[in-house]
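Right, one structure below, let's go through it.
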Amino acid sequence: MRSMNENLRILAFFLHPCKYGEYVGGAERRFLEITTRLKKLGVEMVALEYKPSLAREWGYLSYSSIEIDRRFINHSILEAIRVTLRGIIECVKDKFDIIYVPSRGIFGYSDITNLVSAYVVSLLFRKPLIVVFHHLAQSDYSCSYFDEIVKGLTQRHAQVCIAVSRATANDVIETFRVKRLIVSPNGVDLKSFRKLPSTLKLYDAVFFGRVMEEKGIPNLLKAWKIVITQLPNAKLLLLGGSTPQAKETYIEIINRVGLSRNVVLSGFVPDEEAICLLNSSQIFVLPSKAEGFGLTIVEAMAVGLPCILSDIPALRENFHSAAVFVEPQNPNQLAQAILTLLSDPEKRRKLANKGQKLVKHFSWDAVAEKELEVLKSVTKH
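In this note's numbering, the protein residues as written are 13 to 393.
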C-alpha cells in the first residue's frame, strides 16, 4: 500500500493511428484532456506512443512521452512483442504504480498491441491494470484467434475497466468477464466550446469528427443529395480530419455525384477554428454506425447547435430528449430530418437550448476527479 501523500506514477500504453494535422479520435482526445487534469492533481503519466507524440504536436504536454517507431504495421503479434519488451525496459528503469490502457475498444492493430503489451507488463511487475473502453465494434474488424484469446485474458486480468457510457459497459459485460466496471463519460471544455455572438451562418449543416466511412459519411452524402433537390443552395460542412486515402475518396465521390458546390471538406483544423466553423452552421449531424459516447456531440451542443443523431444505444442514453434521432443507415430519413429542422427555426431554438443545458453535466474536471479515485483505489490493495 502506498502513502496517500505520494504521487501516483502511471505507465500508459497509448499506441494509436492518429496524427495531429490528419485526424484525432475521441479516445485520444479523452486521454489528452484527462491527463491534463490528472497532472494538476499530482498524477505523473508516462505514455508509450508512436512518433510523433500527439501531446507534443498538439501542445498539451500533459504527460511524458516515450516515442517509438511504427515497425510491424498490420502484424499485431510481432508488434506486441516489440512493445512489450520496451515496456519491460521502462519498468526496470523506473517505478510505476499502475499500467493503463486508453483503449479505443475496436480491436484494430494498435488496440491489440496496447492490450497484449500492458497485460504482460502488468503480470510481470505485479502492477494493477486499468483499461478504458470507448466502444466495441468488433464486427468491423478482423482479429486472429490468438488476438481473441489474449484480448479475453487481458480483460479478465484488469483490476478495473472504465466505460464511457452504460451502453459500452453493457457490451463489455456481455463480451468479457471483467472484475470491476465503472461508467465514466467524456466531458467538454465549456470555456472553449461556446456560442459566439453574431456569427454569420455560412453552412446549413455541419458534421464534426473523423471523416471516415464508420461515421456514416457515405449515407450523409446520399442524404445531402436529397436535401438539395428542395434546397439547391444548401451547404454541408464536413469538419474534421481523415486519412489521406479517405480524403481522396470523398473528394472523388463529392465531385462524381455533383455535390462540389454544396459540400465543403475542411480537413483537420485546430480547436479555435473548429469552434468558429461550428458557430457558423445551423445544425449538427452525426450519422455514425457506432459510437461509445459521441464526444463531438457535446462540443456541438455547447456552441448551441441543434443535433440530428444516429439512433444507437450510447447516443440515446446520453442525449435522449436533446436531439432528433434517425436510423443510422437510412439516408432518406436523415434527409427528411435535416429538411424539417432547417425549415423550423423554433424547433432549432428549443433543441439548442436543451442541448446547452444538458452539456453542463459533462465536465472534464469531474471526469478526471472520478478517474483519480479509481486510480487510488487499485493501489490500496
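C-beta: ideal position from N, C-alpha, C; glycine also.
In this text the structure is predicted, and so the values were computed from the model without any measurement.
>> Excluding the 5 residues flanking L90 on each side, which residues of the same chain have their C-beta closer than 7 angstroms to its C-beta?
In response: F84.
>> Just to confirm my understanding: we take E383, look at its own chain, exclude 5 residues before and 5 after, and list those with CB closer than 8 angstroms. What are they?
In response: I46, L50, I174 and S196, listed in sequence order.
> Mind checking N17: buried by the 16 CB within 10 Å criterion, or exposed?
Replying inline: Annotation note: pLDDT 41 at N17 (below 50); position unreliable, coordinate value reported separately. Taking all protein chains in view, the Cβ of N17 is surrounded by fewer than 16 other Cβ atoms within 10 Å, so the residue is classified as exposed.
> Is I295 closer than 8 angstroms to F8 when the C-beta atoms are compared?
Replying inline: One cannot answer for residue 8 here, as it falls past the ends of the chain, which runs 13 to 393.
> At which residue ranges does the segment 93 to 147 contain complete alpha helix (DSSP H) runs of 4 or more residues, listed in the order of the chain?
Replying inline: Within the segment 93 to 147, the complete alpha helix (DSSP H) runs of at least 4 residues are 121 to 136.
> Beta carbon of Y75, beta carbon of V95: below 8 angstroms?
Replying inline: For the pair Y75 and V95, the CB atoms are not nearer than the 8 angstroms cut-off.
> What did DSSP end up calling M313 once you bin it into helix, strand or coil?
Replying inline: DSSP places M313 in helix when its eight states are reduced to three.
> The alpha helix (DSSP H) spanning L251 covers which residue range?
Replying inline: Note, L251: premise wrong, no alpha helix (DSSP H); beta strand (DSSP E) at L248 to L251.
> Quick one: what does DSSP say D152 is sitting in, helix, strand or coil?
Replying inline: Only weak support is given to the placement of D152: the predicted model assigns it a pLDDT of 40, under 50, and the value that follows is read from those uncertain coordinates. Shown here, D152 sits in a helix according to DSSP, grouped into three states.
>> Whole angstroms are fine: how far does the CA of M313 sit from the CA of N365?
In response: Cα-Cα distance, rounded: 9 angstroms.
> What separation, rounded to the nearest whole angstrom, lies between the Cα atoms of L93 and I78?
Replying inline: Before going further, note that residue 93 is Ile rather than Leu in the sequence given. Distance between the alpha carbons of I93 and I78: 17 angstroms.
>> Between L249 and L212, how many whole angstroms is the CB-CB distance? I'm expecting something under 8 angstroms.
In response: About 13 angstroms separates the two Cβ atoms, so there is no contact after all.
> Are there 16 or more other CB atoms within 10 angstroms of the CB of L208, so buried, or fewer, so exposed?
Replying inline: By the C-beta density criterion, L208 is exposed, having fewer than 16 other C-beta atoms within 10 angstroms.
> Counting Cβ pairs, one atom from each stretch, are 3 or more of them under 8 angstroms apart for the segment 357 to 364 and the segment 28 to 43?
Replying inline: No, because fewer than three Cβ pairs between the segment 357 to 364 and the segment 28 to 43 fall closer than 8 angstroms, the two stretches do not touch.
>> In the DSSP assignment, the alpha helix (DSSP H) including S278 goes from what residue to what residue?
In response: Not the alpha helix (DSSP H): S278 falls in the beta strand (DSSP E), residues V275 to G279.
> What are the start and end residues of each continuous beta strand (DSSP E) run of 3 or more residues lying completely inside the segment 298 to 353, in chain order?
Replying inline: If you keep only unbroken beta strand (DSSP E) runs of at least 3 residues inside the segment 298 to 353, you get 319 to 322 and 336 to 338.
> Who are the Cβ neighbours of S15 in its own chain at under 6 angstroms, not counting the five residues just before and after it?
Replying inline: Bear in mind that the predicted position of S15 carries a pLDDT of just 49, short of 50, making it too unreliable to give a figure here.
> Does DSSP put F43 in a helix, a strand or coil?
Replying inline: Helix at F43.
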